[in-house]
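Protein chains in written order, with our numbering: chain E, 238 to 347; chain C, 13 to 124.
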């Protein structure tokens, strides 16, 4: 069964304290790994898509990387406005929909 | 740009009542989706429509029906609401397989 697991469930950081979020997946024949950000009371907002092992993408303080079994979302010198839930997702075996992990809720305090 | 628009944003129902959640997208996307989000459960797929005229079940379809009214609109119907259907419902769309999903703001449903 296709599965996406994110860790940790929650992460508290001080402003400027860098860290990483993990997303591991078991779907075979990966056709892309997606990262989303979700603010409270809002719908998920697209951040990145990664397609092959070794690929990296950056946006401001966020950098996403991909290996054959997992992806990391690195947050460098976070600010309070980076506080949100970060979701990763992969296409299902049929490629008809995305399977989401349960997310990591990041809190950054000043 | 409106993107994906969901109505209503909030709704309270009594057990056994019926209602329809509406979703419309203005990006000319082929595929549309309904997801359910509960605390600790992540986003779970209820139904999807790969293209106009087709619909398919997702992971948690029981108690729901959908209609792809046209290319823009995809509605989700609860025929007889149950307290277990208290949740946040998100509609999403994409231009094609493997593409990024664009989400609406969500519809928050409470069933008493």
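Cβ atoms here follow ideal geometry from the backbone N, Cα and C, with glycine treated the same way.
As the structure is a prediction and not an experimental result, all values here were calculated from the model.
Between the CA atoms of residue j and residue i - distance to the nearest angstrom
| i | j | result |
| --- | --- | --- |
| residue 299(E) | residue 276(E) | 16 Å |
| residue 18(C) | residue 332(E) | 25 Å |
| residue 25(C) | residue 99(C) | 12 Å |
| residue 36(C) | residue 252(E) | 39 Å |
| residue 95(C) | residue 304(E) | 41 Å |
| residue 70(C) | residue 78(C) | 11 Å |
| residue 301(E) | residue 273(E) | 11 Å |
| residue 80(C) | residue 316(E) | 42 Å |
| residue 83(C) | residue 266(E) | 30 Å |
| residue 102(C) | residue 67(C) | 16 Å |
Member of the options whose CA lies at the smallest distance from the CA of residue i
| i | options | result |
| --- | --- | --- |
| residue 50(C) | 339(E), 331(E), 302(E) and 256(E) | 339(E) |
| residue 123(C) | 64(C), 15(C) and 28(C) | 28(C) |
| residue 282(E) | 347(E), 345(E), 326(E) and 346(E) | 326(E) |
| residue 312(E) | 345(E), 267(E) and 328(E) | 345(E) |
| residue 62(C) | 73(C), 121(C) and 86(C) | 86(C) |
| residue 278(E) | 105(C), 60(C), 22(C) and 39(C) | 22(C) |
| residue 75(C) | 65(C), 48(C), 64(C) and 114(C) | 48(C) |
| residue 91(C) | 30(C), 15(C), 20(C) and 16(C) | 30(C) |
| residue 297(E) | 285(E), 264(E) and 307(E) | 285(E) |
| residue 318(E) | 310(E), 330(E) and 343(E) | 343(E) |
Boundaries (first-last residue) of the beta strand (DSSP E) holding residue i
| i | result |
| --- | --- |
| residue 105(C) | 99–106 |
| residue 28(C) | It is not in any beta strand (DSSP E) - residue 28(C) carries neither H nor E in the DSSP assignment. |
| residue 122(C) | 119–123 |
| residue 318(E) | Note, residue 318(E): premise wrong, no beta strand (DSSP E); not H, not E. |
Cβ neighbour criterion (16 or more within 10 Å) applied to residue i
| i | result |
| --- | --- |
| residue 321(E) | buried |
| residue 44(C) | buried |
| residue 328(E) | buried |
The ligand PLP heavy atom lying under 7 Å from the CB of residue i
| i | result |
| --- | --- |
| residue 285(E) | As for the ligand PLP, it is missing from this structure, which has no ligand bound. |
Next on the checklist: Quick check on the DSSP output: what are the complete beta strand (DSSP E) runs of length 3 or more inside the segment 70–94 of chain C, in order along the chain?
Outcome noted: Along the segment 70–94 of chain C, the beta strand (DSSP E) occurs as fully enclosed runs of 3 or more residues at 76–80 and 86–90, listed in sequence order.
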